[in-house]
Amino acid sequence: NTQPISSLSPNTTYSFYVRANCGAGGYSTWSGPFSFTTSCVADNVPYTQNFESATVPALPSCTTQQNVGTGNLWTVQNNGGYGFTTNALLYSCNSSRDAKGGVDTNGINLVGGTTYKITYDYGAASATFPEKLKVAYGTSALASAMTTVLADHTNVVNTTPLNNVVNFTPTVSGVYYFGFNANSIADQFYLLVDNISVDVVLSNDSFNTKSNVLAYPNPVKDVLNLSYKTAISNVRVINLLGQEVLNTKTNTNDVQVDMSALNAGAYIVNITVEDTVHTIKVIKE
């Protein structure tokens, strides 16, 4: 039997009870409680995960991990050392088994054709025992779905945190997951990861005084003004779910985009000039 239930909150555990309808107004005693947990909803950018919400040694809510081998699992540790002084992901080696475990972020809504950046800190516990860390993303939180490799650190020997930044552009709008996979050989030491962030790459090189481009005000309340040295042919405004909410075709150097009817929040604005699409993030008040 199935029973639809509405108005449930995401990432929440609920209890329920059942009883039999015995007919003629009679019912059995209640059985239960049974429980289920609703799934997490996808996050919008900017997405951050610094593991401070985790209850050590468990992972934070809405992050998952998958071990495709027989090595150890990742944990969250506080003040794990080697420059990591707060909560951070930690992989501790197995003395005889290779690491093949990955931790995945919650799903994140991304817009196809938009350039994003992922940043994170990583490090090891010893320069003598090199660790390996692969970062990839895909359309589900499974190792087999992490088909796009963003970084492959094959010789992690830094004993203080390094920060890495990778730009990437998904071709299709959707929900994506980011995996941090330990694939070190057996009997190494510690591998640590912290301060994961995913956000839009702003076209600062295109939208500055050197190129005589203006986009103001930002944050915007009603009208966004765009100005460029040559004609702007098209302006698209996309919400962080990947839905187009405005599309304006123009042929002028100065464009006014009426955003007064849009809900407050962050939006992606794609501005087409000749054969180039510039991307900015605009905050609607």
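Under my numbering, think of the first position of the sequence shown as 71, with each following residue one higher. Don't be surprised by glycine CBs; every beta carbon is placed ideally from N, CA and C.
- Apart from sequence neighbours up to five positions away, the residues of its chain that approach Thr322 with a beta-carbon distance below 7 Å are Ala301 and Ile302, ordered along the chain.
- Using a Cβ distance threshold of 7 Å, Tyr161 and Trp144 count as a contacting pair.
- Proximity of the stretch 234-249 to the stretch 200-214 meets the contact definition, three or more beta-carbon pairs being nearer than 8 Å.
- Of the other Cβ atoms in all chains shown, fewer than 16 fall within 10 Å of the Cβ of Ala331; this residue is therefore exposed.
- Put simply, the stretch 120-130 does not touch the stretch 334-345. Fewer than three CB pairs are less than 8 Å apart.
- Counting along the chain, Thr107 sits inside the beta strand (DSSP E) bounded by residues Ser101 to Thr107.
- Between Ser77 and Ser105, the C-beta spacing is not below 7 Å.
- Burial is judged here by how many other beta carbons sit within 10 angstroms of a residue's own beta carbon; Leu180 has at least 16 and is buried.
- Contact check for Gly151 against Thr230 fails: the beta carbons are separated by 7 Å or more.
- The beta carbon of Lys319 sits closer than 6 Å to the beta carbons of Asn304 from its chain, once the five residues preceding and following it are set aside; these are given in chain order.
- A residue is called buried once 16 or more other Cβ atoms fall within 10 Å of its Cβ, and Leu294 is buried on that count.
- At a Cβ-Cβ threshold of 7 Å, Pro289 and Glu355 count as neighbours.
- The count of Cβ pairs closer than 8 Å, one atom from the stretch 132-142 and one from the stretch 158-177, reaches three, so the stretches are in contact.
- Its chain contains Gly193 as the residues whose beta carbon lies nearer than 6 Å to that of Asn228, once the 5 sequence neighbours on both sides are disregarded; these appear in chain order.
- In the structure shown, the three-state DSSP call for Ser131 is coil.
- In the structure shown, Ala213 falls within a helical segment according to DSSP collapsed to helix, strand and coil.
- Under the 10 Å beta carbon count, Leu284 is surrounded by fewer than 16 other beta carbons and is classified as exposed.
- The C-beta of Val325 has 16 or more other C-beta atoms within 10 Å across all chains shown, which makes the residue buried.
- Taking the C-beta atoms as reference points, Phe250 is found no nearer than 7 Å to Val236.
- Per DSSP, the continuous beta strand (DSSP E) segment holding Asn321 begins and ends at Glu314 to Asp328.
- Per DSSP, Glu201 is one residue of the beta strand (DSSP E) stretching across Glu201 to Gly208.
- Beta-carbon to beta-carbon, Asn164 and Ala252 are separated by about 10 Å, too far to satisfy the 8 Å threshold.
- In this structure Tyr190 is buried. Its beta-carbon is surrounded by 16 or more other beta-carbon atoms within 10 angstroms.
- Residue range Tyr260 to Val270 is occupied by the beta strand (DSSP E) that includes Leu261.
- Assigned with DSSP and collapsed to three states, Thr83 falls in strand.
- When DSSP states are grouped into helix, strand and coil, Ser166 belongs to the coil group.
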